[in-house]
Amino acid sequence: MGVQGCHVVLIKGRGRVHLAHLRLRDFRNYRFLDQDFPPGFQLILGDNAQGKTNILESVYLLTTLRSFRGVGGGQMIRHGQSGYFVGGRVVSEGEQELSLYWSPSTRQISVNREPVRTLNEFLGCLRAVVFCTEDLQLVKGAARIRRRFVDLILSQTDAAYLPLLQRYARTLRSRNALLKRVPADPLVLEGFSRELVQCGDQIMKARQRLLPKVSALARLAYRRISHDAEELQIRYEPNVKADFRLELNRSREREQRYRATVVGPHRDDVGLLLDDRGGAQYGSEGQKRSMAISLKMAQAEYLTGMVGVPPVLLIDDVMGELDVKRRSGLLPLLERSHQARGQVFMTCTEENWPRELGRRLHRWRVAEGGLSALA
Ligand SMILES: Nc1ncnc2c1ncn2[C@@H]1O[C@H](COP(=O)(O)OP(=O)(O)OP(=O)(O)O)[C@@H](O)[C@H]1O
Ligand SMILES: [Mg+2]
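Listed below in structure tokens is the structure:
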């Protein structure tokens, strides 16, 4: 299984893709929801704490099986209930019924009522990019968050990447468990090391190839939305400097001290630079926010280029936080999505919805865990 020779999973045909129906049961503050959505721009209005973000979170779950709030399944079950259900109908050239049931003891994932054999079968149906306040962590947070961002883009565009990543993670866990034992069996350790290096080399190559492309797109996006003339640059900072095998062998002493694998792509980072200086250290709050949005815009542009159709854009309240200049930088992305008949879900409170988006909108109101169409 090589990343190099692998193909991009194209959504059947290069037509448009949209979420035509969303079904929720006992998800967050929704007891139930059954709602059709057309393609195009969905503006979701509502007061605070009514359930706007929860809708976006459920759509994101259908595309990544994760919450963008970084929480586990238990928190998404409606208080007092035993499990949640999120389902969706995706319309592209054909139709796919996605469903996900989660409880502390069960996870059932199916496409067209058939349980999936691999996660890719589910994840390949719909792609989304989310813009939310948590994005700031891409700049301010730990390396793990940036690795996850890169891995998500690779998984969204390359069917072989997720299985590779899972294989690496499994091997790493086993190898670390072995290192906890004294003495670790050298033969078994060697077996794990070989597997780790084999997967790790492919992961690093894939990240190495992706990042210059994302960097170019993010630089353009940053120029569009920022007030200043700084250049944003994204740089791959691999933990392995030259030869994984060699560096792993050299780390034996440190491994024994820490009883864990201390070298490998699980320790990679992605550097974000503004005019060659660390953006997280030297950037202002506004610049950090612009960097985070630029990364997400780059993800959306990259997916559109690779998959041939724009991803669903989930924009949670960020327009309200942006000044007019930054907002207008986001508009071309929304415009392109509109022209390609993509789908956007954007939440806003009544006061701050961006009126420059015009009237080509489907407006919805959320109140107390219920959704209704506005005329
Ligand atoms: N597991 C849960 N069960 C029941 N209710 C929940 C659960 N998790 C969150 N909620 C509630 O859902 C409500 C809506 O949350 P949501 O984050 O969607 O609000 P919002 O409309 O996006 O508000 P804001 O404008 O403040 O961002 C909140 O009152 C929250 O406390
Ligand atoms: Mg919200």
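Residues are numbered in the numbering used here as their position in the sequence shown, beginning at 1, plus a constant of 827. A virtual CB, placed ideally from N, CA and C, is assigned to each residue, including glycine.
Relative to ligand 1, Q935 has its C-beta separated by 7 Å or more from all heavy atoms.
Annotation for V1193 indicates a beta carbon within 7 Å of some heavy atom of ligand 1. Comparing C-alpha distances from L953 to each of L870, R1050, R843, S1053 shows the shortest one belongs to R843. In this structure, DSSP gives Q877 a state outside helix and strand, which the three-state scheme calls coil. Burial check for Y988: the Cβ neighbour count within 10 Å reaches 16 or more, so the residue is buried. Using a C-beta cut-off of 8 Å, the stretch 1078-1090 makes no contact with the stretch 1177-1197, since fewer than three inter-stretch Cβ pairs fall below that distance. Between the stretch 931-938 and the stretch 1099-1117, the count of Cβ pairs shorter than 8 Å is below three; the stretches do not touch. Judged by the Cβ position, T1131 fails to qualify as a neighbour of ligand 1 at the 7 Å threshold, every heavy atom of the ligand being at least this far. Residue range 970-984 is occupied by the alpha helix (DSSP H) that includes I972. A direct Cα-Cα distance of roughly 10 Å separates V977 from Y1063.
Listed by position along the chain, the residues with Cβ atoms less than 7 Å from a non-hydrogen atom of ligand 2 are K879, T880, D1143, D1144, T1174. Contact between R1182 and H1165 does not hold, since the beta-carbon distance rounds to 16 Å and is not under 8 Å.
In this structure, R852 has its CB at a distance of at least 7 Å from all heavy atoms of ligand 1. In the structure shown, the three-state DSSP call for G915 is strand. Taken through DSSP and simplified to helix, strand or coil, L953 comes out as coil. Assignment of A1200 by DSSP, reduced to helix, strand and coil, places it in the strand class.
Contact between the stretch 1063-1075 and the stretch 991-1003 is absent: fewer than 3 CB-CB pairs across the two stretches fall below 8 Å. Put simply, the stretch 943-953 does not touch the stretch 878-885. Fewer than three CB pairs are less than 8 Å apart. For C1026 and A1200, the gap between their C-alpha atoms comes out near 49 Å. In this structure, A1127 has its beta carbon at no less than 7 Å from each heavy atom of ligand 1. By the C-beta density criterion, Q1029 is buried, having at least 16 other C-beta atoms within 10 angstroms. Burial is judged here by how many other beta carbons sit within 10 angstroms of a residue's own beta carbon; P1138 has at least 16 and is buried. Contact check between the stretch 1143-1161 and the stretch 964-979: fewer than three CB pairs, one atom from each, fall below 8 Å, which does not count as touching. Per DSSP, L1130 is one residue of the alpha helix (DSSP H) stretching across 1112-1134. Cβ-Cβ distances below 7 Å link A1048 to S1121, M1124, A1125 in the same chain, with the five nearest sequence neighbours on each side left out; the list follows chain order.
In this structure, the straight-line span from the alpha carbon of G873 to that of Q908 is close to 25 Å.
The DSSP assignment places complete alpha helix (DSSP H) segments of no fewer than 4 residues inside the stretch 1013-1066 at 1013-1052, in order along the chain.
Under the rule that a run must span 4 or more residues, the alpha helix (DSSP H) segments found entirely inside the stretch 1073-1114 read 1079-1085, 1106-1109. Here DSSP, grouped into helix, strand and coil, assigns G867 to strand.
Selection R916, M1173, D985 evaluated against F958 yields M1173 as nearest (Cα-Cα). Note that the C-beta distance between L889 and V913 is below 8 Å.
A direct Cα-to-Cα measurement between G1018 and F949 gives close to 32 Å.
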